[in-house]
Amino acid sequence: MNRTTATRELGQFKTLEQFIIERQESFPHSTGAFSRLLRDISVAAKIVNYHMRRAGLVDIYGDTGELNVQGEVQQKMDALAHREFVRALRRGGECCLIGSEEHAEAIPIRANGGSDGKYIVLLDPLDGSSNIEVNVSVGTIFSIYRMPEDHVGEVTLEDALQPGSKQVGAGYVVYGSSTMLVYTTGNGVNGFTLDPSIGEFLLSHPNIRTPKTGTMYAINEGNYNSFEDGLKKYIKWCQRKDKATGRPYKTRYIGSFVSDFHRNLLKGGIYIYPATASSPEGKLRLMYEANPMAFIVEQAGGRASDGHTPILQKQPRELHQRTPLYIGSEEMVRTAEAFLQGEMDLD
Ligand code: AHG
Ligand code: MN
Ligand code: MN
Numbered sequence: 047m048n049r050t051t052a053t054r055e056l057g058q059f060k061t062l063e064q065f066i067i068e069r070q071e072s073f074p075h076s077t078g079a080f081s082r083l084l085r086d087i088s089v090a091a092k093i094v095n096y097h098m099r100r101a102g103l104v105d106i107y108g109d110t111g112e113l114n115v116q117g118e119v120q121q122k123m124d125a126l127a128h129r130e131f132v133r134a135l136r137r138g139g140e141c142c143l144i145g146s147e148e149h150a151e152a153i154p155i156r157a158n159g160g161s162d163g164k165y166i167v168l169l170d171p172l173d174g175s176s177n178i179e180v181n182v183s184v185g186t187i188f189s190i191y192r193m194p195e196d197h198v199g200e201v202t203l204e205d206a207l208q209p210g211s212k213q214v215g216a217g218y219v220v221y222g223s224s225t226m227l228v229y230t231t232g233n234g235v236n237g238f239t240l241d242p243s244i245g246e247f248l249l250s251h252p253n254i255r256t257p258k259t260g261t262m263y264a265i266n267e268g269n270y271n272s273f274e275d276g277l278k279k280y281i282k283w284c285q286r287k288d289k290a291t292g293r294p295y296k297t298r299y300i301g302s303f304v305s306d307f308h309r310n311l312l313k314g315g316i317y318i319y320p321a322t323a324s325s326p327e328g329k330l331r332l333m334y335e336a337n338p339m340a341f342i343v344e345q346a347g348g349r350a351s352d353g354h355t356p357i358l359q360k361q362p363r364e365l366h367q368r369t370p371l372y373i374g375s376e377e378m379v380r381t382a383e384a385f386l387q388g389e390m391d392l393d
């Protein structure tokens with residue numbers, strides 16, 4: 047909850063549900079399906095939040111002993127979050143296909159007796175999950191597409207392989223010192239804080255705008271030796287003293303993308319996960335991490351690219367595709383791109 051909450055009564059805040067309904071009413075031909083889909087996602091977020099808050103008390107810390115499709119150790123909470131989101135979306139009936147970081151194949155959803163839903167949801171059920179055991183913020187990231195207009199027959203993976211520019215909604219939940227849900231439908235970005243006493247997300251951060259520039263950069267600098275030259279120079283540039291631009295910038299790297307992103311969105315900054323020797327295509331996933339956050343950051347006035355191409359323009363080839371990612375305040379991302387493309391150099 048933001049600072050004003052302490053002095054405002056709970057009833058003065060708009061709930062997520064009220065906000066969604068108000069927005070829906072401004073679209074005269076809306077069927078309400080999209081609003082119901084957002085409600086289903088928020089219900090799953092509350093359930094995951096509930097488990098997250100109890101994680102220290104019960105045996106859901108730690109790994110399952112299994113590897114996920116990326117070959118990474120699957121945490122118990124990864125599996126739990128995946129299950130809860132799939133369950134909520136299946137029950138809601140507005141979604142026809144789910145793609146999840148924790149599941150190798152796209153999951154088709156058949157509505158019980160009714161017509162199939164028309165939305166595709168791609169998600170990272172739990173981002174930053176290796177941080178859970180040390181009590182550091184983690185999150186959920188989601189991306190929403192409509193079924194392609196020309197779709198015929200069974201829903202297939204191909205239907206999900208749309209560029210990020212086709213997203214009709216995207217958001218994240220950060221399970222932090224408070225739990226927040228931030229989302230966009232292409233008409234600005236709004237943030238809601240979960241009030242645990244009444245179990246509602248309340249509009250605490252209306253119309254979020256991200257600063258044009260900032261003084262924080264987030265990157266795993268341990269990989270420095272395998273960065274391309276342009277990136278090495280950009281990092282040196284960030285560390286140089288310069289009064290006008292507020293350098294040297296501060297390094298802030300949580301290792302939990304949602305949390306690093308959320309901080310930068312509110313305060314200004316850049317997050318970078320570049321190509322490295324061990325991850326030549328970068329580590330983060332285009333469909334679950336880069337695309338939804340790129341949609342959000344652009345809607346808040348920021349920028350996202352792979353260093354060369356805007357993220358939202360990339361045509362995906364596969365569900366679990368990875369991409370290098372430069373995301374955050376517009377001026378900072380443009381400067382990093384200029385170094386990568388040889389347009390800027392250290393003097
Ligand atoms: P996930 O937990 O969904 O696999 O994502 C982990 C990601 C991201 O959250 C974080 O920024 C990054 O991995 C950290 O990677 P390094 O440890 O390589 O820096
Ligand atoms: Mn992730
Ligand atoms: Mn994850």
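My numbering numbers the first residue of the sequence shown as 47 and each following residue consecutively.
Beta carbons: idealized from backbone N, C-alpha and C, even for Gly.
Inter-residue Cα distance where the pair is residue i and residue j
i, j, result
"Phe303", "Ser183", "10 Å"
"Asn432", "Asp124", "Residue 432 falls outside the range modelled here, since the chain spans only 47 to 393, and no answer is possible."
"Arg192", "Tyr165", "5 Å"
"Ile357", "Val115", "23 Å"
"Leu169", "Arg286", "38 Å"
"Met378", "Thr259", "6 Å"
"Leu332", "Asn95", "25 Å"
"Asp241", "Gly199", "43 Å"
"Glu195", "Gln345", "24 Å"
"Gln208", "Gln359", "10 Å"
"Thr261", "Arg368", "27 Å"
"Asp352", "Glu55", "44 Å"
"Glu267", "Gly222", "24 Å"
"Leu62", "Thr239", "9 Å"
"Lys279", "Gly145", "37 Å"
"Gly237", "Ser305", "14 Å"
"Asp162", "Glu130", "20 Å"
"Ile244", "Lys60", "13 Å"
"Pro154", "Glu140", "12 Å"
"Gly301", "His75", "43 Å"
"Arg99", "His308", "20 Å"
"Gln213", "Asp391", "36 Å"
"Pro338", "Pro257", "19 Å"
"Ser250", "Gly234", "14 Å"
"Glu151", "His366", "9 Å"
"Lys329", "Ile66", "33 Å"
"Cys284", "Tyr295", "6 Å"
"Gly314", "Arg156", "42 Å"
"Phe14", "Pro326", "Lying before the first or after the last residue shown, residue 14 is absent from the chain, which here runs from 47 to 393."
Three-way DSSP call (helix, strand, coil) for residue i in this model
i, result
"Val304", "helix"
"Ala264", "strand"
"Ile318", "strand"
"Thr256", "coil"
"Arg182", "It is worth fixing the name first, because residue 182 is Val in this sequence and not Arg. Correct three-state label for Val182: coil."
"Arg82", "helix"
"Arg133", "helix"
"Pro209", "coil"
"Glu335", "helix"
"Ala290", "coil"
"Ile373", "strand"
"His97", "helix"
"Ala340", "helix"
"His354", "coil"
"Phe59", "coil"
"Arg298", "coil"
"Ala90", "helix"
"Arg368", "strand"
"Ile155", "coil"
"Leu392", "coil"
"Met123", "helix"
"Thr239", "strand"
"Thr77", "coil"
"Val379", "helix"
"Ser189", "strand"
"Phe65", "helix"
"Asp173", "strand"
"Ile281", "helix"
"Ala384", "helix"
Any non-hydrogen atom of ligand 3 within 6 Å of residue i CB
i, result
"Asp173", "yes"
"Glu147", "yes"
Closer than 6 Å: residue i CB and nearest ligand 1 heavy atom
i, result
"Phe303", "yes"
"Asn266", "yes"
Closer than 6 Å: residue i CB and nearest ligand 2 heavy atom
i, result
"Glu335", "yes"
"Asp170", "yes"
CB contact below 7 Å: residue i versus chain B
i, result
"Pro370", "This model lacks chain B altogether, as it is built from one protein chain only."
Q. Is the number of C-beta pairs between the segment 266-273 and the segment 85-105 that are closer than 8 Å three or more?
A. These segments do not touch.
**Q.** Stretch-stretch touch, CB-based, cutoff 8 Å, three pairs: the segment 129-136 with the segment 381-393
**A.** In short, these stretches do not touch, since the Cβ pair count stays below three.
Q. Is there contact here, the segment 220-227 with the segment 366-375, by at least three beta-carbon pairs under 8 Å?
A. In this structure the segment 220-227 does not lie against the segment 366-375, because fewer than three pairs of beta carbons, one per stretch, are closer than 8 Å.
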